[in-house]
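Student: The number in the working numbering is simply the position in the sequence shown, starting from 1, with 505 added.
Even for Gly, the Cβ is constructed at its ideal location relative to N, Cα and C.
The structure displayed is predicted, hence computed values, not measured ones.
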Amino acid sequence: MKKITVIGGGNVGSTAAQRIAEKQLAQEVVLVDILEGVPQGKALDMWESAPVEGFDSAVVGANDYAATANSDIVVITAGLARKPGMSRDDLLLANTKIVKSVTEQVVTHSPNSILIVVSNPLDVMAYVAKKVSGFAKQRVIGMAGILDSARFRLFIAQELNVSVRDVQAMVLGGHGDSMVPLVRYSTVAGIPITELISAERIEALVTRARNGGIEIVNFLKTGSAYYAPSSAAVEMVEAIARNSNRVLPCSAWLEGEYGLNDVYCGVPVKLNANGIEQILELKLTDEEIAGLKKSADDVTANIKKLDI
Ligand code: APR
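1. Sorry if obvious, but does the Cβ on Asp577 come closer than 8 Å to a heavy atom of the ligand APR?
2. Indicate the three-state DSSP secondary structure (helix, strand or coil) for Arg593 in the structure shown.
3. For my contact list, Gly647 and Leu677 are in at a C-beta cut-off of 8 Å; report their separation, rounded to the angstrom.
4. Can you tell me whether Ser504 is helix, strand or coil according to DSSP?
5. Going residue by residue through the segment 724-790, where are the continuous beta strand (DSSP E) segments of at least 3 residues, counting only ones entirely within it?
6. Using the DSSP secondary-structure output, state which residues sit across from Glu558 in a beta bridge.
7. Which residue comes first and which comes last in the beta strand (DSSP E) that contains Ala634?
8. Using only alpha-carbon positions, find the residue among Lys547, Leu549, Thr805 that is nearest to Gly679.
9. Using only the alpha-carbon positions, how far apart do Leu701 and Val637 sit?
10. Is it buried or exposed, Tyr632, if we count other Cβ atoms within 10 angstroms and call 16 or more buried?
11. Excluding the 5 residues preceding and the 5 following Ile512 in the sequence, name in chain order all residues of the same chain whose CB lies nearer than 6 Å to its CB.
12. Locate the beta strand (DSSP E) running through Glu705, then write down its first and last residues.
13. By a C-beta neighbour count over all protein chains shown, 10 Å radius and 16 as the cutoff for buried, is Pro589 buried or exposed?
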């Protein structure tokens, strides 16, 4: 890839830019923020690590979008982060304004880009980016499921004292308290976790995964998680940049899949250079479908509050 831009040079954005550069996913990584000097300083500092880390990507910081022109992928992390006592939904109106203005400028300068939305509340911000950009649904994707699944995978690995590399999990639904971890599709080296962990303990791990974001907010107090969120976003960037047909849980615009319409919701998708190449439809149990529907209804209720 020629150019990947990250909008928002805060915790998530700068860590994502660093991971993208270190993986050499693009010739140029551009970091944009409204704060004067901050993206320039962080980008130069990052670029100065290149001789030691051994990457050839250029890292450039900017306040305006000219530097982002013709980006192949744009990761949107601009916006406010949560503080203790706040839900992701509390960020709704402030971040809608920010994501709207960011998207308008991204579209002007990079009309052919693929957008990965990270700002919260995630599924609603993905909707804002899609609506404002007018891009095809394949090219506006929300990051949530990989993060929620990663948390669940870690907790499973800790529970069984096994390598995280052998743990697979799938978390669907919106990126909120009503997310839907698919326990029967969660495995350790192919073995369903239901055969390895008691139902009671699985329930405790599911609850911890659901509350994974707030657990970090309560520790940090001044902001929210960023190491795992940036990893998750960059896994999506990598699948697109390397055209690798990865199957990953992402927030996608649904038009009838899983019986859901006109809403962003976390589902398994195939990601490649076109963005979302395909949405995979699993056969879910009635209980799982009900959970997914409730989660999607929560997203729809927030979309209805918007005036865009
Ligand atoms: N354009 C560009 N950058 C902006 C804009 C804008 N219009 N508005 C705010 N920003 C920048 C801020 O200046 C700040 O540097 O976005 C950055 C956000 O960084 P942090 O406050 O560190 O927040 P972070 O932890 O990175 O989270 C960003 O991602 O995970 C979500 O919930 C999280 O919505 C939040 C977003």
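Tutor: Answer, in terms of the structure:
1. no
2. helix
3. Wrong, their Cβ atoms sit about 13 Å apart, outside the cutoff.
4. With the chain running from 506 to 813 in the structure shown, residue 504 is simply not present.
5. 751-760, 766-777, 780-784
6. None, per the DSSP bridge assignment.
7. Looking at the DSSP string, Ala634 is not in any beta strand (DSSP E); the run it does join, the alpha helix (DSSP H), is 627-638.
8. Thr805
9. 46 Å
10. buried
11. Val537, Ile581, Ala583, Val607
12. Looking at the DSSP string, Glu705 is not in any beta strand (DSSP E); the run it does join, the alpha helix (DSSP H), is 704-715.
13. exposed
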